[in-house]
Ligand SMILES: Cc1cc2nc3c(=O)[nH]c(=O)nc-3n(C[C@H](O)[C@H](O)[C@H](O)COP(=O)(O)OP(=O)(O)OC[C@H]3O[C@@H](n4cnc5c(N)ncnc54)[C@H](O)[C@@H]3O)c2cc1C
Ligand code: SF4
Ligand code: SF4
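Numbering (this note's numbering), first residue to last: 15 to 662.
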């Protein structure tokens, strides 16, 4: 997430310093003398950079148009319900994503070139929460196909794939090794980031579409790969990366050296209630921040009543149930990163929170050796380093030791294909897939999510969505060989026209003289959204004024009150704020009905489509008999939707 406390300044300038008026000569030249060409406006739908940058494939521009009230539900439902329908076409977890997705969509948003990005992630959370609070369901399949698909792994990739496959009418069985679904959304990310009531609601909604779930079932040991092959028409592997990488330094087998995945899994299973007094976490990504922040929240138990002494102590921290009789002390949590602070992979906001909560972050340092006494960790020898690509280069004479009682390695993860699944190993514990997510060298095995390449929730969900489409085609006997370049959920004019009963007439296959009047065609519209992204240079940014972004309120947890504080920190937008963010969206690549081309065309060649024929993306039309090809309409189009084409 890219929440920054201060909105950026206006970055787009209409005037240079010192200019006080328009250069009228230039403008007159442009408008009245005008250009003449044989080109005329065409209406070109292209992908906005936000959408192209969302790995799950959200139709972001589409649901922001719904939020601002431009695109209204044909059946009069509330805008939030209509936006929710659009969101879950691509991603069934808007409430979770709106909280923890680092929002690559916002980095690419063209509004960054005007003032500040659109708060896409915050709108996603608002709609996701509204949908839960109002009990919205996912659509159920219209008909059963009779095909059976096994999905292995109940994390975001597996749940997304299961939901989309079910929606297409296939019978889906979901196998999960844990006793609950959610994968790293539950057993990795702590509850103050993905609140469990929100997570449960989004998972339950998927399962309610009619998915059979087998919990506590590890495929490979409890059920064999061969059994699955015999029982199912297709198999989707979404196992995640369940093994943390140990520190690659001498002494890493000392007692008190664990991985971040082990630590967080134990904590999220409810087995850990206290940690060692001095913890060093080696990493720099999301996992390391979560470990250090959880350690600060847990604190270290110093005194306890006899009745609380029932549990076992493992890995340097305690694993037993507690009553409220314990005295906790703050934990000294140090997080180390090979990279300088600004280049750490954890989101800026998470780093800021960790610092505020009292985590000591040491950047540009590398571990050299685990120091132990009697087999137990007592310190970590480190030195300053510079990164050469991905390789740390030690700086001579900078060695130091951080004294500690526990060292947590959070330097990456890998898959666990040991027992019964070795056949799937495509190298280094991961599954190798081709361009359409089919497991290399197999026929009916597909895979996605972290078991292919560890990344983000949104990426895992995107893999699940795309693989479900591929599997659907495969089950239909039409296996695709490749996918579109921009593989996301796009606006489809035909669907838009169909839902408003405005679709073109059926083609009569009779020869016509020209097609300008024919009702079976949509004139001068082209859909290039699967291959073209609209750059900000194609927008008329002078149309937009400075309009600061709505920020979500945040509860800041300070170092002195972090112990025992497991409350959520982000507070969602209000309806008005979410709608305002919808209005800030510049609708890159698709008409947003501003009338600029109608107003500025000196030939009055452009007019609005009659009201009863209007739809999103079909708002203006050109009288080509009047058009002189001056391209003013293109110049003033804020969205880059108009491109000069035709009579070249
Ligand atoms: C601590 C931590 C914090 C993170 N924070 C963020 C964040 O803030 N934002 C973000 O976008 N991403 C974050 N990530 C990354 C994100 O969680 C993962 O990319 C994502 O969960 C991967 O989804 P997945 O479905 O591929 O795998 P997982 O979520 O790992 O789910 C895989 C599931 O498969 C099950 N399974 C494994 N093997 C078997 C088997 N043989 N049989 C049956 N079931 C099996 C597992 O029990 C698990 O439930 C974080 C990851 C971690 C570890
Ligand atoms: S899932 Fe992430 S990348 Fe996609 S729209 Fe939401 S915040 Fe943006
Ligand atoms: S302005 Fe709107 S359509 Fe354009 S990139 Fe940003 S969110 Fe997407």
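Every residue gets a Cβ at the ideal spot worked out from N, C-alpha and C, and that includes glycine.
Note that the coordinates shown come from a computational prediction; the quantities given were computed from them, not determined experimentally.
Rounded C-alpha distance that separates residue 130 from residue 25: The residue you call residue 130 lines up with position 116 of the chain shown. The residue you call residue 25 lines up with position 11 of the chain shown. As the crow flies, the alpha-carbon of residue 130 is around 8 Å from that of residue 25.
Cross-strand partners of residue 622 (DSSP beta bridge): For the purposes of this step, residue 622 is taken as residue 608 along the chain shown, with counting starting at 1. Residue 622 is bridged to 634.
Three-state secondary structure assigned by DSSP to residue 600: In the chain shown, residue 600 corresponds to position 586, counting from 1. Residue state, collapsed to three classes: coil.
Residue closest to residue 496, alpha-carbon to alpha-carbon, out of 520, 475, 450: Looking up residue 496 in the chain shown gives position 482. Distances from the alpha-carbon of residue 496 to those of 520, 475, 450 put 450 closest.
Three-state secondary structure assigned by DSSP to residue 451: Looking up residue 451 in the chain shown gives position 437. Residue 451 carries a coil assignment under DSSP once its states are collapsed to helix, strand and coil.
Outcome for residue 350 when other beta-carbon atoms lying within 10 angstroms are tallied against a minimum of 16: Counted from its first residue, the chain shown places residue 350 at position 336. Taking all protein chains shown into account, residue 350 has 16 or more neighbouring C-beta atoms within 10 Å of its C-beta and is therefore buried.
Cβ-based neighbour list, residue 393, same chain, cut-off 7 Å, excluding 5 preceding and 5 following: Taking the chain shown and counting its residues from 1, the one referred to as residue 393 is at position 379. Here residue 393 has 385, 415, 416, 417, 418 as same chain residues with Cβ atoms under 7 Å from its own Cβ, once five neighbours each way along the sequence are excluded.
Extent of the continuous alpha helix (DSSP H) run through residue 471: Working through the chain shown from its first residue, we reach residue 471 at position 457. For residue 471, the enclosing alpha helix (DSSP H) starts and ends at 471–489.
Whole-angstrom distance between residue 595 and residue 567, CA atom to CA atom: As a working mapping, residue 567 is identified with position 553 in the chain shown. As a working mapping, residue 595 is identified with position 581 in the chain shown. Distance between the alpha carbons of residue 567 and residue 595 is about 15 Å.
Same chain, Cβ closer than 6 Å to residue 446, neighbours up to 5 away in sequence not counted: As a first step, residue 446 must be located in the chain shown, where it is residue number 432. Around residue 446: 440, 454.
Residue 508 (DSSP reduced to helix, strand or coil): Along the chain shown, one-based indexing puts residue 508 at 494. Secondary structure of residue 508 (DSSP, three-state): helix.
Three-state class that DSSP yields for residue 98 in the structure shown: Mapped onto the chain shown, residue 98 falls at position 84. Helix, per DSSP.
Any non-hydrogen atom of ligand 3 closer than 7 Å to residue 587 Cβ: Looking up residue 587 in the chain shown gives position 573. Short note on residue 587: C-beta not closer than 7 Å to any heavy atom of ligand 3.
Residue of 390, 513, 515 minimising C-alpha distance to residue 267: Here residue 267 refers to the residue found at position 253 when the chain shown is read from its first residue. It is 390 whose Cα lies nearest to the Cα of residue 267.
Spatial neighbours of residue 646 in its chain, beta-carbon cut-off 6 Å, leaving aside the 5 residues before and after: Stepping through the chain shown from its first residue, residue 646 is reached at position 632. Shown here for residue 646: same chain residues with a beta carbon closer than 6 Å to its own, the five before and five after excluded, namely 614 in chain order.
Own chain residues within Cβ distance below 8 Å of residue 31, not counting five before or after: Counted from its first residue, the chain shown places residue 31 at position 17. Shown here for residue 31: not one same chain residue has a beta carbon closer than 8 Å to its own, the five before and five after excluded.
Alpha helix (DSSP H) runs contained entirely in the region 357–382, provided each spans 4 or more residues: Annotation: the region 357–382 contains the following complete segments of the alpha helix (DSSP H) (minimum length 4 residues), in chain order: 362–370.
Residues with C-beta closer than 6 Å to any heavy atom of ligand 3, in chain order: Selection around ligand 3 by beta-carbon proximity, strictly under 6 Å to any non-hydrogen atom, yields 62, 63, 64, 74, 75, 78, 123, 124, 125, 132, 134, 599, 600, 601, 602 in chain order.
Where the beta strand (DSSP E) through residue 421 begins and ends: Translated into positions along the chain shown, residue 421 becomes position 407. Per DSSP, residue 421 belongs to the beta strand (DSSP E) from 420–423.
Opposing strand residues paired with residue 397 [DSSP bridges]: Here residue 397 refers to the residue found at position 383 when the chain shown is read from its first residue. Per DSSP, 380.
Start-end ranges of the alpha helix (DSSP H) lying completely within the region 259–297, minimum 4 residues: Qualifying alpha helix (DSSP H) stretches, in chain order: 274–282.
Whether residue 310 touches residue 373 by CB criterion (8 Å): For this step, residue 310 is matched to residue 296 along the chain shown. For this step, residue 373 is matched to residue 359 along the chain shown. Here residue 310 is near residue 373, since their CB atoms are less than 8 Å apart.
Helix, strand or coil at residue 659 according to DSSP, with G and I counted as helix: Position 645 of the chain shown, counted from the start, is the residue given in the question as residue 659. Strand.
Enclosing alpha helix (DSSP H) for residue 189 [first to last residue]: Walking along the chain shown from the start, residue 189 turns up at place 175. Unbroken run through residue 189 is the beta strand (DSSP E), 185–189; no alpha helix (DSSP H).
Local conformation of residue 560 per DSSP, three classes: For the purposes of this step, residue 560 is identified with residue 546 of the chain shown, where counting begins at 1. If DSSP states are grouped into helix, strand and coil, residue 560 belongs with coil.
6 Å Cβ shell around residue 321 - same chain, five flanking residues per side excluded: In the chain shown, the residue the question calls residue 321 occupies position 307. At residue 321, the pLDDT of 48 sits below 50, so the modelled position is not reliable; the number obtained from the coordinates is stated separately. Closer than 6 Å at Cβ, skipping near neighbours: no residue.
Cβ-heavy atom distance, residue 468 to ligand 1, below 7 Å: Within the chain shown, the letter at position 454 stands for residue 468. Within the cutoff, so yes.
Secondary structure of residue 614, DSSP reduced to three states: Here residue 614 corresponds to residue number 600 of the chain shown, with the count starting at 1. Of the three classes helix, strand and coil, the one that applies to residue 614 here is helix, per DSSP.
DSSP three-state assignment for residue 493, whether helix, strand or coil: As a position in the chain shown, residue 493 is number 479, starting the count at 1. The answer is coil: DSSP assigns residue 493 none of H, G, I, E or B.
Contact between the region 49–65 and the region 497–504 (3+ Cβ pairs under 8 Å): Touching, yes, given that three or more Cβ pairs across the two stretches are closer than 8 Å.
Whole beta strand (DSSP E) elements within the region 158–225, 3-residue minimum: DSSP runs (the beta strand (DSSP E)) wholly in the region 158–225: 162–166, 185–189.
For residue 249, the nearest candidate out of 405, 486, 644 (CA to CA): Mapped onto the chain shown, residue 249 falls at position 235. When only C-alpha atoms are compared, the closest one is 486.
Residue 386 - DSSP class collapsed to helix/strand/coil: As a position in the chain shown, residue 386 is number 372, starting the count at 1. In the structure shown, residue 386 adopts extended strand secondary structure according to DSSP, grouped into three states.
Cβ pair residue 229, residue 166 closer than 8 Å: One-based indexing of the chain shown puts residue 229 at position 215. One-based indexing of the chain shown puts residue 166 at position 152. No, Cβ-Cβ distance for residue 229 and residue 166 is not below 8 Å.
Best match in 458, 652, 193, 236 for proximity to residue 243 [C-alpha to C-alpha]: Along the chain shown, read from residue 1 onward, the residue named residue 243 stands at position 229. Nearest C-alpha to residue 243: 458.
Residue 636 versus 593, 572, 538, 597, residue with shortest Cα-Cα distance: Counting from one through the chain shown, the residue named residue 636 turns up at place 622. Nearest C-alpha to residue 636: 538.
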